[in-house]
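To keep things clear, I will list the structure first and then write my remarks on it.
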Amino acid sequence: KFKFKACHIGIMRTHLFLLILLFLSIQVLNAQNLIWKYGTGGPVWSVSISSDGGYIAAGSWDRYVYLFDRSGNLIWKYETGGPVLSVSISSDGGYIAAGSADDYVYLFDRRGNLIWKYETGGPVWGVSISSDGGYIAAGSWDNYVYLFDRRGNLIWKYETGGPVLSVSISSDGSYIAAGSADDYVYLFDRSGNLIWKYRTGGVVLDVSISSDGSYIAAGSDDKYVYLFDRRGNLIWKYRTGGVVWDVSISSDGGYIAAGSGDNYIYLFDRRGNLIWKYETGGPVPDVSISSDGSYIAAGSWDNNVYLFTRSSSSPSQQQTPPSPPPPPPEQAPEQKQQTPPSPPPPPPEQAPEQKSPVTKTSASADILYLLPILILVIPLVFIYRRRSKERKEEEIVRILLSE
Numbered sequence: 001k002f003k004f005k006a007c008h009i010g011i012m013r014t015h016l017f018l019l020i021l022l023f024l025s026i027q028v029l030n031a032q033n034l035i036w037k038y039g040t041g042g043p044v045w046s047v048s049i050s051s052d053g054g055y056i057a058a059g060s061w062d063r064y065v066y067l068f069d070r071s072g073n074l075i076w077k078y079e080t081g082g083p084v085l086s087v088s089i090s091s092d093g094g095y096i097a098a099g100s101a102d103d104y105v106y107l108f109d110r111r112g113n114l115i116w117k118y119e120t121g122g123p124v125w126g127v128s129i130s131s132d133g134g135y136i137a138a139g140s141w142d143n144y145v146y147l148f149d150r151r152g153n154l155i156w157k158y159e160t161g162g163p164v165l166s167v168s169i170s171s172d173g174s175y176i177a178a179g180s181a182d183d184y185v186y187l188f189d190r191s192g193n194l195i196w197k198y199r200t201g202g203v204v205l206d207v208s209i210s211s212d213g214s215y216i217a218a219g220s221d222d223k224y225v226y227l228f229d230r231r232g233n234l235i236w237k238y239r240t241g242g243v244v245w246d247v248s249i250s251s252d253g254g255y256i257a258a259g260s261g262d263n264y265i266y267l268f269d270r271r272g273n274l275i276w277k278y279e280t281g282g283p284v285p286d287v288s289i290s291s292d293g294s295y296i297a298a299g300s301w302d303n304n305v306y307l308f309t310r311s312s313s314s315p316s317q318q319q320t321p322p323s324p325p326p327p328p329p330e331q332a333p334e335q336k337q338q339t340p341p342s343p344p345p346p347p348p349e350q351a352p353e354q355k356s357p358v359t360k361t362s363a364s365a366d367i368l369y370l371l372p373i374l375i376l377v378i379p380l381v382f383i384y385r386r387r388s389k390e391r392k393e394e395e396i397v398r399i400l401l402s403e
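Take 1 as the starting number for the sequence shown in full-length UniProt numbering and just add one per residue.
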């Protein structure tokens with residue numbers, strides 16, 4: 001049975017806009033060519049592309065996981081029990097992980113066969129798969145970070161102090177970063193040992209780890225972008241003008257992109273120097289940087305998708321030094337484990353057609369499409385839970401009006 005719990009609007013981070021805007025009205029700076037588009041039965045919540053661009057996975061509010069080839073042909077689609085909130089594809093496109101609001105983590109092969117699914121204790125907001133598909137990390141509303149192997153065995157799970165909104169795994173699966181609504185950034189090793197955790201000034205909406213796990217970027221609703229090294233030392237933090245919805249780090253950790261509620265896209269180098277920032281016409285809930293840091297893509301509420309080169313002359317050249325680092329993180333090596341996953345259900349629907357919208361599958365789906373609107377007006381009680389009642393209501397109204 002589908003169970004959905006109200007949440008912060010920033011959770012819509014995972015490539016929601018980069019695909020929605022492709023499907024609706026794309027203007028990539030000077031009108032780049034649209035290669036293809038495909039209509040699903042609801043808002044597209046998440047997308048992930050293989051290293052060579054040969055395969056594209058998508059998760060939609062219509063409950064389906066989709067896999068397309070480079071030309072936009074639908075290879076297969078699979079119906080889960082709730083809106084698909086997160087997808088992640090291995091480098092070669094051989095494995096696709098998905099997290100759904102039905103509380104399950106799913107793993108598929110390239111042909112659409114469900115290898116396994118695992119029930120967590122809440123909607124699964126984040127999934128991340130290692131390059132070879134050998135390890136799958138997941139973050140759930142039940143406050144847990146999970147790590148699975150390719151066969152679906154639960155290697156470990158770790159309880160944080162709040163819903164886990166984002167996870168990111170290094171290329172070989174050796175390091176797992178997580179961001180939680182308890183205001184902490186976490187880093188684990190493959191065995192589930194907590195290497196460190198660091199308390200930010202607000203809910204951690206997104207994390208991104210470099211390929212070898214040497215650098216971890218984070219974005220928080222305290223308006224800061226953070227960069228840590230593997231030992232948990234804060235290299236720098238930078239205050240933006242709004243909630244930091246999304247961050248993305250290049251493979252070597254040399255460049256960090258961020259999207260903020262102040263309408264700006266930011267690009268930093270590893271030392272925290274602001275290379276440039278660019279003002280869009282609305283909050284920027286999604287950014288993505290290429291492996292070598294040469295290209296930066298972003299989606300904005302102004303209904304545009306933006307593409308920049310690292311040396312783009314268009315963005316502002318305002319150079320603002322980063323804030324000095326605060327004290328080192330807490331060290332906490334505990335770990336927890338649980339039971340093996342649920343057996344897989346029947347195989348997915350095979351649907352090679354292209355560019356044909358999917359019909360809604362149940363009456364309850366009609367109600368689901370109202371939820372993004374409701375999310376915009378739901379009080380952000382959890383985020384401001386530590387503040388006084390009087391300040392809480394004032395802050396909620398102010399953020400909703402300004403963001």
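Glycine is no exception: its CB is placed at the ideal position from the N, C-alpha and C atoms.
Item, Value
"Strand pairing of Y278, partner residues [DSSP]", "I265"
"Supposed contact pair S166 and V225 - C-beta distance, whole angstroms, cut 8 Å", "Not a contact, Cβ separation roughly 14 Å."
"Where A98 falls: helix, strand or coil (DSSP)", "strand"
"Complete beta strand (DSSP E) runs within the segment 218-254 (minimum length 3 residues, chain order)", "224-229, 234-239 and 244-249"
"N153 classed as buried or exposed, judged by whether at least 16 other C-beta atoms fall within 10 angstroms", "exposed"
"W45 (DSSP reduced to helix, strand or coil)", "strand"
"Whether S170 touches D212 by CB criterion (8 Å)", "yes"
"Bridge partner(s) assigned by DSSP for W196", "L187"
"Opening and closing residue of the beta strand (DSSP E) in which S171 lies", "Per DSSP, S171 belongs to no beta strand (DSSP E) and is neither H nor E."
"Contact set for G162: own chain, Cβ-Cβ below 7 Å, skip 5 residues either direction", "N143, S180, A181 and D182"
"Whole-angstrom distance between I35 and W70, CA atom to CA atom", "Note that residue 70 is Arg in the sequence shown, not Trp. Whole-angstrom Cα-Cα distance: 9 Å."
"Whole-Å CB distance - A178 paired with V164, under 8 Å assumed", "6 Å"
"Reduced DSSP category for W156 - H, G, I as helix; E, B as strand; rest coil", "strand"
"S300 - DSSP class collapsed to helix/strand/coil", "coil"
"For V247, the nearest candidate out of S48, V287, P283 and Y55 (CA to CA)", "V287"
"Residue from S291, Y264, A298 and V84 with nearest C-alpha to T40", "V84"
"Per DSSP, the bridge partner or partners of A138", "V127 and Y146"
"Neighbourhood of D189 by C-beta distance below 7 Å, restricted to the same chain and skipping five residues each side", "S174, Y175 and I195"
"Three-state class that DSSP yields for G93 in the structure shown", "coil"
"Cβ-based neighbour list, L67, same chain, cut-off 7 Å, excluding 5 preceding and 5 following", "Y55, A57, I75, W76, I96 and G112"
"For Y306, three-class secondary structure by DSSP", "strand"
"Assigned secondary structure, V87 (DSSP; H/G/I helix, E/B strand, else coil)", "strand"
"Other residues of its chain near S250: CB distance less than 6 Å, five sequence neighbours each side excluded", "I289 and G293"
"Helix, strand or coil at V381 according to DSSP, with G and I counted as helix", "Low confidence applies here, because V381 scores a pLDDT of 35, under 50, leaving its location unreliable; read the following figure in that light. It is coil, neither helix nor strand."
"Separation of S311 from T80, as counted between CA atoms", "42 Å"
"From V65, S50 and I49, residue whose alpha carbon lies closest to that of G42", "V65"
"Residue from D149, V127 and S100 with nearest C-alpha to I115", "D149"
"Residue range of the unbroken beta strand (DSSP E) whose run includes K77", "L74 to E79"
"DSSP-derived helix/strand/coil call for S291", "coil"
"Residues of its chain near G219, where Cβ-Cβ distance is below 7 Å and the 5 sequence neighbours each way are ignored", "L205, D206, V225, V244, W245, D246, V247 and A258"
"S86 and G59 closer than 8 Å at C-beta", "yes"
"C-alpha distance - T240 paired with S260, whole-angstrom precision", "7 Å"
"Residue from S210, T120, G94 and G82 with nearest C-alpha to Y146", "T120"
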